[in-house]
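Residue numbers (this note's numbering): 8 to 128.
Glycine included, C-beta positions come from ideal geometry on N, C-alpha and C.
Input: a single structure, listed below in structure tokens.
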């Protein structure tokens, strides 16, 4: 993954105070039109990214998440790396009690990949 000014970083994710931090509840976000670029072939990769988290004191504002996700469109990155990067950036931004990120990549070349990451504090 090459570093560029327009690469996604955790500071792109705007956080908002969780007004129900005294309660454990789950937020399930689905991004069915995710795309990035294969770093080997330069061909586009498409996926459904699912972010499931139990917020702590902050939640991620969804428009900022959309803009963050859009930055992956021209980024050459492996499926495993993109899924873990999203989890790491999301965790740095809002410090959830629990998070699970699933990268369900569409088949290309006869191979389908699903990456499932999770972290609980």
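Applying the 10 Å Cβ sphere with the 16-neighbour rule, what's the burial state of residue i?
{"i": "residue 32", "result": "exposed"}
{"i": "residue 92", "result": "buried"}
{"i": "residue 69", "result": "exposed"}
{"i": "residue 103", "result": "buried"}
{"i": "residue 50", "result": "exposed"}
{"i": "residue 109", "result": "buried"}
{"i": "residue 15", "result": "buried"}
{"i": "residue 117", "result": "exposed"}
{"i": "residue 122", "result": "buried"}
Per DSSP, which residues does residue i bridge with? Please list them.
{"i": "residue 33", "result": "Paired residues: none, contrary to the question."}
{"i": "residue 15", "result": "For residue 15, which the question treats as bridged, DSSP gives no partner whatsoever."}
{"i": "residue 43", "result": "52"}
Which residues mark the beginning and the end of the beta strand (DSSP E) in which residue i is found?
{"i": "residue 55", "result": "51-61"}
{"i": "residue 24", "result": "22-24"}
Determine, using beta-carbon pairs with one atom in the segment 49-59 and one in the segment 18-25, whether at least three such pairs fall under 8 Å.
The answer is no - the segment 18-25 does not touch the segment 49-59, with fewer than three Cβ pairs under 8 Å.
Ordered list of alpha helix (DSSP H) runs contained in the segment 74-127, each at least 4 residues
Whole alpha helix (DSSP H) segments, 4+ residues: 86-101.
Spell out a yes or no on whether the segment 71-78 and the segment 45-53 are touching, meaning 3 or more CB-CB pairs, one atom from each, closer than 8 Å.
Judged by Cβ distances under 8 Å, the segment 71-78 makes no contact with the segment 45-53, as fewer than three pairs qualify.
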